[in-house]
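Read in order, the letters of the sequence shown correspond to residues 8 to 318 in my numbering. No residue lacks a Cβ here, since even glycine has one placed at the ideal position from N, Cα and C.
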Amino acid sequence: MDGGNCSVVSEFVFLGLSNLWGIQLLLFLLSSVFYMASVMGNLLIVFSVTADSNLHSPMYFLLANLSFLDLGVCSVAAPKMIYDLFRKHKTISFGGCIAQIFFIHAIGGTEMVLLMAMAFDRYLAICRPLHYLTIMSPRVCAIIPATAWILGLIHSVVQVAFVVHLPFCGPNVLNSFYCDLPQLIKLACTETNGLEFMVTANSGLISVGSFLVLVVSYIFILVTVWKHSAGLSKALSTLSAHVTVVVLFFGPLIFFYTWPFPSSNLDKFLALFDAILTPFLNPVIYSLRNKEMKAAMWKLCYQLLGYRKMP
Numbered sequence: 008m009d010g011g012n013c014s015v016v017s018e019f020v021f022l023g024l025s026n027l028w029g030i031q032l033l034l035f036l037l038s039s040v041f042y043m044a045s046v047m048g049n050l051l052i053v054f055s056v057t058a059d060s061n062l063h064s065p066m067y068f069l070l071a072n073l074s075f076l077d078l079g080v081c082s083v084a085a086p087k088m089i090y091d092l093f094r095k096h097k098t099i100s101f102g103g104c105i106a107q108i109f110f111i112h113a114i115g116g117t118e119m120v121l122l123m124a125m126a127f128d129r130y131l132a133i134c135r136p137l138h139y140l141t142i143m144s145p146r147v148c149a150i151i152p153a154t155a156w157i158l159g160l161i162h163s164v165v166q167v168a169f170v171v172h173l174p175f176c177g178p179n180v181l182n183s184f185y186c187d188l189p190q191l192i193k194l195a196c197t198e199t200n201g202l203e204f205m206v207t208a209n210s211g212l213i214s215v216g217s218f219l220v221l222v223v224s225y226i227f228i229l230v231t232v233w234k235h236s237a238g239l240s241k242a243l244s245t246l247s248a249h250v251t252v253v254v255l256f257f258g259p260l261i262f263f264y265t266w267p268f269p270s271s272n273l274d275k276f277l278a279l280f281d282a283i284l285t286p287f288l289n290p291v292i293y294s295l296r297n298k299e300m301k302a303a304m305w306k307l308c309y310q311l312l313g314y315r316k317m318p
């Protein structure tokens with residue numbers, strides 16, 4: 008076999024979530040409902056922030072960007088997973104598998120940077136309110152998502168570069184419902200110990216490091232708010248929403264990449280949670296804890312239904 012072209016696997020086979028018909032039906036119904044709710048909820052946030060002039064502020068601009076990313080998160084793996092549930096032969100092409108890995112890490116890396124930017128935004132709004140609008144100028148608000156996307160794409164290209172030239176000569180079965188590095192690397196027909204370490208160092212340490220930075224940032228904000236006590240209730244409500252989203256986002260990532268090759272079904276559950284439930288919970292968390300956002304979303308809904316004014 009030619010050493011430069013020994014990747015003879017043209018497709019990969021997913022084992023999926025379950026082979027039991029009853030469980031498959033339940034997963035199909037729940038996944039379809041949560042996927043559609045995720046898409047609709049995040050689109051509603053994006054359009055509400057765009058349409059309502061009261062939400063044209065840095066905080067809501069960043070929130071709209073987060074919802075846009077969540078649209079990508081729930082659309083990378085969930086539609087194919089739902090489509091494959093009742094298929095006996097669940098396959099994905101080699102190119103499709105690499106594409107899934109690319110978009111998962113591009114969107115994930117971008118969202119990681121954006122969450123840190125949102126923490127910085129809350130720090131300025133709560134701890135340095137007099138300088139907030141000066142620092143978070145329209146120019147800075149435009150630079151933040153652009154920088155997040157650039158860093159996310161760089162991270163993803165590095166990850167894909169780890170595996171795109173690996174030789175795959177069989178077997179081609181993935182004990183999952185989507186493609187990602189930990190499962191794919193195990194199928195390579197070569198020694199991958201060094202590569203496993205690089206993947207853990209790249210994704211695992213970045214996830215843990217970013218999570219710790221965010222935790223320290225929010226602790227610092229809480230201490231500052233506690234000392235001044237003014238606006239404590241509103242600040243705690245806003246921060247609790249941010250902290251909840253951070254935990255939901257980073258929890259599965261830290262599990263996947265700090266312990267990159269688990270042999271249990273826990274990774275499937277967390278992957279399903281991360282792919283479908285987290286993008287659904289994010290708009291719920293932010294809308295339920297924010298009166299302005301709820302008002303804007305109801306206003307948009309009434310406008311779409313043809314009402315000029317809310318009853």
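*For chain D, find out if any of its Cβ atoms is closer than 8 Å to the Cβ of F227; answer yes or no.*
Protein chain content of the structure displayed is limited to a single chain, and chain D is not contained in it.
*asked:* Can you tell me where the alpha helix (DSSP H) holding T117 begins and where it ends?
replied: Here the alpha helix (DSSP H) through T117 covers 101-134.
*asked:* Can you give me the C-alpha to C-alpha distance between S383 and M304, rounded to a whole angstrom?
replied: This structure leaves residue 383 out entirely; the chain is present only between 8 and 318.
*Between L24, Y225, V165, F93, which lies nearest to C134 when the distance is taken from Cα to Cα?*
Cα-wise, what sits closest to C134 is Y225.
*Indicate whether the contact test is met: 3 or more Cβ pairs, each with one atom in the stretch 84-96 and one in the stretch 121-141, closer than 8 Å.*
No: fewer than three Cβ pairs fall under 8 Å.
*Is DSSP giving E203 helix, strand or coil here?*
In this structure, E203 counts as helix in the three-state DSSP scheme.
*asked:* Output needed for L277: all residues of its chain with C-beta closer than 8 Å, excluding positions within five of it in sequence on either side, in chain order.
replied: Hits under 8 Å: G258, P259, F262, F263.
*From A195 to A58, what distance separates their C-alpha atoms?*
A195 and A58: Cα-Cα distance of roughly 49 Å.
*What is the C-beta distance between F41 and I292, in whole angstroms, given that I count them as a contact (C-beta under 8 Å)?*
At roughly 15 Å, the Cβ-Cβ gap does not stay under 8 Å, so F41 and I292 are not in contact.
_Three CB pairs or more closer than 8 Å across the stretch 100-108 and the stretch 196-204_ = Too few Cβ pairs lie closer than 8 Å, so no.
*Does DSSP classify T197 as helix, strand or coil?*
Reduced to three states, the DSSP call for T197 is coil.
*Could you tell me how far apart the beta carbons of C186 and V15 are, in whole angstroms, since I believe they sit closer than 8 Å?*
Actually they are not in contact, since the Cβ atoms of C186 and V15 sit about 18 Å apart, beyond 8 Å.
*Rounded C-alpha distance that separates P290 from N49*: Roughly 6 Å between the two C-alpha positions.
*Who are the Cβ neighbours of A85 in its own chain at under 6 Å, not counting the five residues just before and after it?*
Result list for A85: Y42, A282, I283, in chain order.
*On the DSSP bridge assignment, give the partners of E18 in chain order.*
When beta bridges are read from the DSSP output, E18 appears opposite S100.
*Assuming I99 and L70 form a contact by the criterion Cβ under 8 Å, report the distance between their Cβ atoms to the nearest whole angstrom.*
A Cβ-Cβ separation of about 33 Å leaves I99 out of contact with L70 under the 8 Å criterion.
*asked:* Pairs of beta-carbons, one from the stretch 112-131 and one from the stretch 208-225, closer than 8 Å: are there three or more?
replied: Counting Cβ pairs under 8 Å, three or more are found: they touch.
*Could you tell me the distance, in whole angstroms, from the CA atom of N272 to the CA atom of C148?*
So the two alpha carbons sit approximately 41 Å from each other.
*Compute the Euclidean distance between the alpha carbons of P65 and T154, then round it to the nearest angstrom.*
About 16 Å.
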